[in-house]
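Protein chains: 2
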Amino acid sequence: MGTVRPQIVLFGDSITEQSFRIGGWGAALAHNYSRKADVVVRGYGGYNTRWALFLLHHLFHLSTPTPPVAATIFFGANDAALLGRTSERQHVPVEEYKENLRRIVHHLKECSPTMLVVLITPPPIDEAGRKEYAQSLYGEKAMELPERTNEVTGVYAKQCVELAKELCLPSINLWSKMQETKGWQKKFLSDGLHLTAEGNAVVHQEVVKVFNEAWLPAPEMPYDFPRHSEIDAENPEKVFQQQCL
Amino acid sequence: MGTVRPQIVLFGDSITEQSFRIGGWGAALAHNYSRKADVVVRGYGGYNTRWALFLLHHLFHLSTPTPPVAATIFFGANDAALLGRTSERQHVPVEEYKENLRRIVHHLKECSPTMLVVLITPPPIDEAGRKEYAQSLYGEKAMELPERTNEVTGVYAKQCVELAKELCLPSINLWSKMQETKGWQKKFLSDGLHLTAEGNAVVHQEVVKVFNEAWLPAPEMPYDFPRHSEIDAENPEKVFQQQCL
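As structure tokens, then:
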């Protein structure tokens, strides 16, 4: 179709893939940018940054005439899975995580140097919540030792924020931000890792803040066509001729 | 960006524009088609079909190499505003409404003869709900006579369904469907016209049903890239080479 509208891409793992559920941060963002920008979800549940690299050239063609105006990069929850535990196949060492993020950013900036790229850290981990969740699925067979810890995920979050500073990009330290609120474990996380509606609201609020501080404030962006109140019912063509050249 | 994913466009008035609010039918549809198709909102609050025609060539370029695979056309709530009442500037005679819809369908089919085009009728009107809403905004100055009636909106709904039959297109008679449920006035409508979360759920359910009966059932469509469980952690490139040619 004829794309006149800017695109905002959400690139990440399951927390991005699920962002259009009821109360999801992606859907809320799409509503904010209604008639202004299209919010495009590219969320891949279970993916770490190593696997995300395989998608880069498929999702973001270097030669596209219409690159996104903005992208969120939201990985790390899977990279931070621990070696020797049940999710070890998703583990990526923290140094490689940082380098993979750097490659993703470089690729996006090669698509478009002006693209607003926002790095988001993984959320904190509620180890007790993860355990309860595993037990609800597997009963007594559930792992004894957590497959992710909050402390280790925090190390990944720190590297994500460090990289953003190095590259002069905005970032959202979700790992820290969520832990500022008492009871974050159950308030923001549904299974110790994925987000509740309130957790989604935190992500949404932080992304809006970053976009507003950058150059993409939804309230100030123009509508893509006249508001209906601007249309002269006797001469509707007039305003369309003026605004839709 | 590199568009490999099919697009589903939601074209309509405010009920489409607001479809990404919490519990909205557009967001729910986007979630259903996660990793399978992009749901693109083209909702224009207050627009009738006459004004929608001005947007057609801007929104749907005839020469685009990637036309949408499906589109919902969801107008009529404004066309059915009554002459001589407060919203008369939005009024479009019912014969013209039908012809405008026909022109929209023809344009989309010209973009792509295989596009699945679904016509959706306006929802029913709760006249008491409209009056309460007007009074909440304007107090005693609120209009004495309703600017829309359920009966007249039903005439538009009927013509919408008739046209779909003439053109062999699927349609959703939302006007009838909603009135099958006792208490539809408050259950499905928030201000006598726009949808509550439960009203959104009805639209969502009906759209999913039509898409499933046509050739676009989300559960059977392929994921755009391997599921993470298909990735061999030792040789991740393997599955990407196989599936991402």
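Residue numbers (the numbering used here), protein chains in the order written: chain A, 1 to 245; chain B, 246 to 490.
Glycine is no exception: its CB is placed at the ideal position from the N, C-alpha and C atoms.
Cβ neighbour criterion (16 or more within 10 Å) applied to S381(B): exposed
Chain-order list of residues whose beta-carbon lies under 6 Å from that of W257(A) (same chain, five-residue window excluded): Chain A is shown from 1 up to 245; residue 257(A) falls before or after that span and cannot be answered.
Among N32(A), N48(A), G129(A), which has the Cα closest to the Cα of N78(A)? N48(A)
Between W175(A) and chain B, is the shortest Cβ-Cβ distance under 7 Å, so that the two count as touching? Chain B contact via Cβ: absent.
Counted within 10 angstroms of its Cβ, other Cβ atoms place R21(A) as buried (16 or more) or exposed: buried
Using beta carbons (cut-off 7 Å, strictly below), is L300(B) in contact with chain A? yes
At least one CB of chain B closer than 7 Å to the CB of F211(A): is that the case? no
Chain-ordered neighbours of S474(B) on chain A, where CB pairs are closer than 8 Å: G46
For N32(A) and E213(A), the rounded distance between their alpha carbons: 15 Å
L255(B) to F11(A) span [Cα, whole Å]: Answer to the nearest angstrom: the Cα atoms are 23 Å apart.
Alpha-carbon to alpha-carbon, Q335(B) and S34(A): 22 Å
Determine the DSSP secondary structure at R5(A), reduced to helix, strand or coil. coil
For L101(A) versus S171(A), is the C-beta spacing smaller than 7 Å? Contact flag unset, no.
Among Q424(B), T398(B), V337(B), the one whose alpha carbon lies nearest that of E234(A): V337(B)
Taking only beta-carbon atoms, is D79(A) less than 7 Å away from chain B? no
Any C-beta of chain B under 7 Å from that of S112(A): Not an interface residue.
With burial defined as no fewer than 16 other Cβ atoms inside 10 Å of the residue's Cβ, what is the status of C413(B): buried or exposed? Flag for C413(B) reads exposed.
Any beta carbon of chain A sitting closer than 7 Å to that of H439(B)? no
Report the three-state DSSP secondary structure of T398(B) (helix, strand or coil). helix
Alpha carbon to alpha carbon, what distance is there between T441(B) and M423(B)? 12 Å
Min CB distance G247(B) to chain A below 7 Å: Caution is warranted here: a pLDDT of 49 is assigned to G247(B), below 50, making its placement in the model unreliable, and no coordinate value can be reported.
Would DSSP call A70(A) helix, strand or coil? strand
Could you spell out the range, first to last residue, of the alpha helix (DSSP H) harbouring G428(B)? No alpha helix (DSSP H) contains G428(B), which DSSP labels as neither H nor E.
Cβ atoms of P368(B) and L327(B): under 7 Å apart, would you say? no
Residues of the region 27 to 40 of chain A with Cβ closer than 8 Å to any Cβ of chain B, in chain order: Going along the region 27 to 40 of chain A in chain order, one finds A27, A28, A30, H31, S34, R35, D38, V40 with a Cβ nearer than 8 Å to chain B.
Distance between F188(A) and S474(B) (C-alpha atoms, nearest Å): 26 Å
With a threshold of 16 other CB atoms inside 10 Å of the CB of E206(A), please say whether the residue is buried or exposed. buried
Quick one: grab the DSSP three-state call for G291(B). coil
Residue range of the unbroken beta strand (DSSP E) whose run includes L307(B): Here L307(B) belongs to no beta strand (DSSP E), and DSSP marks it neither H nor E.
Whole angstroms is fine: what's the gap from I253(B)'s alpha carbon to V362(B)'s? 10 Å
Residue interval of the alpha helix (DSSP H) (run including L116(A)): Element bounds for L116(A): not the alpha helix (DSSP H) but the beta strand (DSSP E), 116 to 120.
Can you tell me the Cβ-Cβ gap for Y289(B) and F225(A), rounded? I've got them flagged as a contact below 8 Å. 6 Å
Just tell me which of A37(A), E17(A), A28(A), I15(A) has its CA closest to the CA of E220(A). A37(A)
Ignore the nearest five residues each way along the sequence and tell me which others in V284(B)'s own chain have a CB closer than 7 Å to its CB. I253, L255, G271, L274, A275, Y278
Since C356(B) is in the alpha helix (DSSP H), which residue starts that stretch and which ends it? 339 to 356
To the nearest angstrom, how far is it from the Cα of L298(B) to the Cα of T426(B)? 34 Å
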